[in-house]
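The structure appears below as structure tokens.
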Amino acid sequence: MFVIRLPNGNLLAPESAVAAGDQVMGDAYVEVGPADPDYQRLAPLAVSEQEMQERRRRWRDGDEALRLEFEMFLARRDQDSQDSGPSA
-6 MFVIRLPNGN
4 LLAPESAVAA
14 GDQVMGDAYV
24 EVGPADPDYQ
34 RLAPLAVSEQ
44 EMQERRRRWR
54 DGDEALRLEF
64 EMFLARRDQD
74 SQDSGPSA
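For the sequence shown, this note's numbering begins at -6 and goes up steadily by one.
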């Protein structure tokens, strides 16, 4: 999860809800304004919404290449098993 800078200057920062025993119950984003004590610490880490969308697009593009590579691997494996046939 990333810190996202909103157009109004506030930040969306990840926050986890943790139960007793340090079990993570869920993750969410909370809006942090300049008056919040964590703002100065989080601001240098923030990316714009457009940068976040671009990162997601690059991940999807990378995922597609990896998916195609895996499908080719499976096809080669299937072909190899057919070529070797059952042993007599």
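The beta carbon of each residue, even a glycine, is placed where N, CA and C say it ideally should be.
{"Check": "So, for residue 83: in the same chain, excluding its five sequence neighbours on each side, which residues have a beta-carbon less than 7 Å away from its beta-carbon?", "Outcome": "Summary: the structure shown does not reach residue 83, with the chain confined to residues -6 through 81, and so no result is reported for it."}
{"Check": "Quick one: does the C-beta of residue 61 sit closer than 8 Å to a heavy atom of the ligand SAM?", "Outcome": "By its list of ligands, the structure shown contains no ligand whatsoever, and the ligand SAM lies outside what it can speak to."}
{"Check": "Mark residue 13 as exposed unless 16 or more other C-beta atoms lie within 10 angstroms of its C-beta, in which case mark it buried.", "Outcome": "exposed"}
{"Check": "Could you spell out where the beta strand (DSSP E) holding residue 19 opens and where it closes?", "Outcome": "16 to 25"}
{"Check": "How many angstroms separate the CA atom of residue 51 from the CA atom of residue 73?", "Outcome": "33 Å"}
{"Check": "Quick check on residue 67: does DSSP put it in helix, strand or coil?", "Outcome": "helix"}
{"Check": "So, helix, strand or coil for residue 7, using DSSP?", "Outcome": "strand"}
{"Check": "Thinking C-beta only, is residue 38 closer than 9 Å to residue -5?", "Outcome": "yes"}
{"Check": "Within its chain, find whatever has a CB closer than 8 Å to the CB of residue 27; leave out the 5 residues flanking it on each side and keep chain order.", "Outcome": "2, 3"}
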